[in-house]
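The block underneath contains the structure these notes are about, expressed in structure tokens.
2 protein chains.
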Amino acid sequence: MHEILVETTRGGLPGQGEHVENRHAGSVAVVDASGRLVASAGDPDFVSFTRSTIKPFQALPFVLAGGPKRLGFGPRELALMCASHSAEPMHLAVVAGMLERAGASPARLQCGCHVPLRFAATGASPPPDERFTEVENNCSGKHAGFLAWCALHGAPMDGYLGFDHPLQRAIRERLSQACEVPDGAMRSGIDGCSAPNHAIPLRSLALGYARLGRGADGDGALAPALGELSAAMFAHPELVSGTGRQDLAIMRAAPGEWIAKAGADGVQAIAVRSAGLGIAVKITDGNARAAVTAAIAVLDALGLTSAVQREALAPLARPEIRNARGLRVGEARSVAVLNAPRSSP
Amino acid sequence: MHEILVETTRGGLPGQGEHVENRHAGSVAVVDASGRLVASAGDPDFVSFTRSTIKPFQALPFVLAGGPKRLGFGPRELALMCASHSAEPMHLAVVAGMLERAGASPARLQCGCHVPLRFAATGASPPPDERFTEVENNCSGKHAGFLAWCALHGAPMDGYLGFDHPLQRAIRERLSQACEVPDGAMRSGIDGCSAPNHAIPLRSLALGYARLGRGADGDGALAPALGELSAAMFAHPELVSGTGRQDLAIMRAAPGEWIAKAGADGVQAIAVRSAGLGIAVKITDGNARAAVTAAIAVLDALGLTSAVQREALAPLARPEIRNARGLRVGEARSVAVLNAPRSSP
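So the sequence lines, in the order shown, correspond to chains D and V.
Quick note: to get this note's numbering, add 30 to the position in the first sequence (first position is 1).
Quick note: to get this note's numbering, add 30 to the position in the second sequence (first position is 1).
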């Protein structure tokens with residue numbers, strides 16, 4: 031039920047043409063804030079792990095509990111709660127402050143360690159034998175927010191990632207509410223950062239992003255909280271991702287208008303504020319580059335991009351493939367055809 | 031026409047089960063040395079770029095010209111001509127000797143530079159700001175062999191990668207002969223190392239590997255040359271790949287019996303000497319891990335693996351997926367079903 035969304039080519043020899051080498055299948059849902067499916071490709075009901083696209087919804091319990099005012103978390107801290115950050119100094123400083131206000135030492139973080147995203151994003155090599163810390167995990171802001179929720183509620187900080195911990199129960203409740211996840215349509219597993227992650231239909235994820243983009247202008251009990259989070263993401267896209275990152279390039283192409291959030295294994299969500307739309311993409315093979323290429327093609331197909339934006343996003347929409355000598359040997363490109371708008375069932 | 035060959039799962043939460051997250055589609059051809067299709071999955075006639083699986087056939091013109099004896103290339107040098115090496119000292123020493131005997135300075139190499147494969151294979155970080163040389167390119171042995179062919183034939187070393195250079199014409203002729211590539215079934219583009227690369231039907235690639243595995247015991251004019259190459263690969267699997275590499279693990283599981291050769295973008299070829307079979311796998315999305323998992327599943331399905339070999343290869347056949355804290359969160363596994371043997375058209 032998936033469709034081929036992106037293909038890559040190989041060529042570059044005079045007179046020999048360019049040939050398709052790889053194909054990436056997946057599905058797309060485009061949904062408005064009322065839940066109406068506006069457009070789709072493949073199977074918009076496909077149940078996909080949300081991975082890091084879930085972060086704004088994982089922050090909802092903290093915001094709904096008045097956490098920002100009670101702990102002095104402003105837009106920077108909320109942006110970090112929604113972030114897959116690059117562990118640049120600007121990110122680490124905010125996370126350190128969040129932990130301090132939550133009364134939690136960095137040793138409380140249970141997200142594990144990985145090579146910080148700033149290296150891949152900038153092409154730099156991590157120093158040999160360097161040991162990275164939990165604070166440098168791209169999810170440390172989310173985890174600091176988790177600990178802050180525990181501090182607010184007097185809940186145990188030990189075991190804050192347990193499926194039955196009150197925080198994780200609250201997250202599932204709010205995710206279900208924000209995305210209108212149907213009963214039985216949620217699947218759960220452990221994420222890269224050890225938090226429970228949830229798989230939901232793409233159209234549900236897109237609905238959540240449509241509402242996130244609408245923010246305080248939207249309907250429903252969650253609108254003010256979603257508005258606090260989207261305002262923070264709009265204000266600090268560099269804190270939500272980092273220097274040289276694809277999400278930052280997308281958000282900078284439409285300041286205050288698009289929220290772009292990637293998830294591992296080929297998930298990409300985009301909120302389009304003025305149009306009141308949410309876009310959710312899953313590449314079935316998990317390819318991250320293809321998910322971005324497909325998502326930008328969806329923005330184009332919906333008529334949401336200007337000529338200036340298309341030019342700014344061309345390196346993501348149609349990335350060149352260069353070889354070890356720097357020769358252009360092919361490209362990646364969208365081949366998705368969005369289905370015509372149809373009414374929601 | 032591709033089929034889903036491999037899937038990955040995510041789970042790990044008590045009571046929440048394990049759920050499929052990613053799927054990798056592709057095709058498989060298993061062919062005997064006469065060209066008979068023994069088994070398949072997906073579309074065995076799929077035309078796939080061969081990438082580095084082509085290397086033994088790119089070495090044929092040199093061997094057929096008596097290059098080994100004329101230039102003093104033994105099994106080590108022939109193994110390097112077929113290698114995607116890790117640029118370990120053992121590899122670099124052989125390549126240096128090949129260039130010297132070809133009378134070519136390292137500056138002649140037109141393969142470009144990349145971070146040597148030994149880093150990814152061992153998990154080490156390359157030193158920051160280190161500039162790597164062409165000799166460390168995984169294809170430098172192949173290119174040194176290309177230059178050696180030019181030295182033998184008095185052909186220009188400048189432009190040795192040109193589509194119409196006599197070496198590249200000779201390679202196409204021998205590839206076509208070894209793999210019985212039908213007229214018009216070959217597509218060409220520039221490879222990662224800037225050499226012309228050719229896309230051929232998977233069943234043709236599998237035929238070439240069946241003949242490579244049979245070597246001098248096979249039929250046809252190429253058998254002695256293929257035998258020199260396969261003997262070199264059997265003798266020095268560590269030179270064909272490198273420490274910690276998947277191809278090395280596969281070849282060490284069946285010494286003198288299997289030749290395993292990966293190609294970029296999800297291509298995997300295996301020769302099975304005693305059974306006289308060649309296996310060619312292409313994962314359509316280009317995923318390397320999935321190609322290995324699928325290829326080992328094919329060996330299993332054909333009844334070619336012992337219990338000891340299955341245990342040795344389990345980390346490749348069913349690799350665990352671990353997160354930033356080292357928790358097992360899922361696995362990759364083959365879901366391919368090989369079609370029953372059918373007669374060749």
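Backbone N, C-alpha and C define an ideal beta-carbon position, used for all residues, glycine too.
Alpha carbon to alpha carbon, what distance is there between residue j and residue i?
i: Q46/D; j: P226/V; result: 10 Å
i: H32/D; j: A137/V; result: 48 Å
i: F264/D; j: E350/D; result: 29 Å
i: A123/D; j: D315/V; result: 39 Å
i: G151/V; j: Q276/V; result: In the sequence as presented, Gly is not what sits at residue 151/V; that position holds Ala. Approximately 9 Å, taken between the alpha carbons.
i: P375/V; j: F79/V; result: With a pLDDT of only 40 at P375/V, under the threshold of 50, the placement of this residue in the model should not be trusted; the figure read from the coordinates follows. Cα to Cα, P375/V sits roughly 23 Å from F79/V.
i: E48/D; j: R202/V; result: 18 Å
i: A89/V; j: L108/V; result: 8 Å
i: R355/D; j: L139/V; result: 11 Å
i: G41/D; j: A255/D; result: 50 Å
i: V322/D; j: Q298/D; result: 7 Å
i: P156/D; j: P157/V; result: 8 Å
i: T83/D; j: H228/D; result: 10 Å
i: C223/V; j: G189/V; result: 14 Å
i: V145/V; j: P105/D; result: 40 Å
i: S373/D; j: P86/V; result: Its pLDDT being 46, under 50, S373/D is placed unreliably in this model, and the value from its coordinates should be taken loosely. The straight-line gap from Cα to Cα measures roughly 56 Å.
i: L232/D; j: E341/V; result: 39 Å
i: D247/V; j: I326/V; result: 25 Å
i: R81/D; j: P267/V; result: 39 Å
i: R148/D; j: N167/D; result: 11 Å
i: S70/D; j: L35/D; result: 11 Å
i: L368/D; j: M187/V; result: 50 Å
i: D73/D; j: R303/V; result: 44 Å
i: A185/D; j: L101/D; result: 15 Å
i: A347/D; j: R241/D; result: 25 Å
Cβ closer than 7 Å: which chain V residues qualify as neighbours of residue i?
i: S218/D; result: L43 and Q46
i: T314/D; result: N52 and R53
If you follow the alpha helix (DSSP H) that residue i is in, where does it begin and where does it stop?
i: S234/V; result: L232 to R244
i: A109/D; result: P105 to M111
i: V270/D; result: P267 to V270
i: R202/D; result: P196 to C209
i: L27/D; result: Residue 27/D is absent from the model: chain D starts at 31 and stops at 375.
List the residues of chain V whose Cβ lies closer than 9 Å to the Cβ of residue i, in chain order.
i: D295/D; result: T38, R40, E51 and N52
i: N369/D; result: Here the premise fails: no neighbours, minimum Cβ distance about 21 Å.
Taking Cβ-Cβ distances shorter than 8 Å, what residues in chain D pair up with residue i?
i: D73/V; result: Those do not exist, as D73/V stays about 12 Å from chain D at its closest Cβ, beyond 8 Å.
Given that residue i touches chain D, what residues does it touch there, using C-beta distances under 9 Å?
i: G142/V; result: N353, A354, R355, G356 and L357
If you follow the beta strand (DSSP E) that residue i is part of, which residue opens it and which one closes it?
i: G56/D; result: H49 to D62
i: Q298/D; result: V297 to V302
i: L67/V; result: L67 to A71
i: L307/V; result: L307 to I313
i: V359/D; result: R358 to S364
i: A290/D; result: W288 to G293
i: S218/D; result: R217 to I220
i: L35/D; result: E33 to R40
i: R352/D; result: E350 to R352
Mind pulling the chain D residues with CB within less than 7 Å of residue i?
i: P226/V; result: L43
i: G222/V; result: N353 and A354
For chain A, find out if any of its Cβ atoms is closer than 9 Å to the Cβ of residue i; answer yes or no.
i: C209/D; result: Checking the listed chains, one finds no chain A in this structure; the protein chains it contains are D and V.
Residues of chain V with CB closer than 8 Å to the CB of residue i, please, in chain order.
i: G360/D; result: G219
i: A337/D; result: None at all; the shortest Cβ gap to chain V is about 31 Å.
Query - Whole runs of the alpha helix (DSSP H) within the stretch 126 to 189 of chain V, excluding any shorter than 4 residues - result: 147 to 152 and 170 to 183
Query raised in the report: Any residues in the stretch 147 to 176 of chain D with a beta carbon nearer than 7 Å to a beta carbon of chain V? Which ones, in chain order?
Result: Listed in sequence order: A154, S155, P156, P157, P158 and N167.
Query - In chain order, each alpha helix (DSSP H) run of at least 4 residues that lies wholly inside the stretch 316 to 342 of chain V - result: 318 to 331
Requested in this report: Starting from the N-terminal side, write out each stretch of the beta strand (DSSP E) that is 3 residues or longer and does not extend beyond the stretch 74 to 103 of chain V.
Outcome: 77 to 79
Query raised in the report: Going along the chain, which residues of the stretch 77 to 91 of chain D sit with their C-beta nearer than 7 Å to a C-beta in chain V?
Result: F79
Query raised in the report: What are the residues of the stretch 186 to 208 of chain D that lie near chain V, defined by any Cβ-Cβ distance shorter than 7 Å?
Result: F193
Requested in this report: Give, in chain order, every residue of the stretch 226 to 255 of chain V whose Cβ lies closer than 9 Å to some Cβ of chain D.
Outcome: P226, N227 and A229
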